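Data first, discussion second: the structure below is written as structure tokens.
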Amino acid sequence: MAQVWNNFRQRWNDETAPHSIPGVPGGSKAEGIAEPPPAGASIGNQHVQVLRTLACKSIYSFFPGGEQTVRLAYERAIDRAQHYIYIEDQYFWPCTLTDKLRQAADRGMKIILVLSHKYEMRSISDVHEKMRAEAVSLIRKNNPGNIFVYHLQQTGPEKDIYVPPS
């Protein structure tokens, strides 16, 4: 609870981004959230992990160096994989995970990537598709037989989804 509260409070209270509400004349600044989190009853014994990514050159005052817990969690999972790695990511392109996935394929891991077929914003779709192709090419470099790439596609008026190979 405290991790979720802290993440929300930091983003809400940060002065960097404008706190205006679109469509409201003159906008308005939201009232800040005070600490500490409200006391709550413990409900069960669930374990939750909160991950986020803030750019290395973060614009947020509360984390000027950025935060990469999503990337670090991906890297740990890839390093610990024993048989298969499944990643579904609509914004997949070259990054530090590309090398990790190539190394995993070299170790014999079967890597299944489910990626977007077409990027929604036409103005940058060509760049996105080129970067995605570059990432897949780098991962397939040494062991193409261990890499399987698919995309989601809707068919017909009922919008069924199937996964054709790329």
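Okay, so the sequence shown: first residue is 40 according to my numbering, each after it adds one. Every residue gets a Cβ at the ideal spot worked out from N, C-alpha and C, and that includes glycine. A quick note: this is a predicted structure, and the numbers were derived from the prediction, not measured.
Put Phe102 into one of helix, strand or coil per three-state DSSP. coil
Integer Cβ distance of Arg146 from Asn181, believed to fall under 8 Å: Incorrect: roughly 11 Å between the Cβ atoms, too far for contact.
Is the separation between the beta-carbon of Leu154 and that of Asp128 shorter than 8 Å? Yes, Cβ-Cβ distance for Leu154 and Asp128 is below 8 Å.
How many angstroms separate the CA atom of Lys149 from the CA atom of Ile124? The C-alpha of Lys149 lies about 6 Å from the C-alpha of Ile124.
Going straight from the alpha carbon of Arg119 to that of Val175, what length do you get? 21 Å
Is it buried or exposed for Asn84, if we count other Cβ within 10 angstroms and need 16 for buried? exposed
As a quick exercise: from Ile163, Val166, Ile178, Arg115, pick the residue whose alpha carbon is nearest that of Asp138. Ile178
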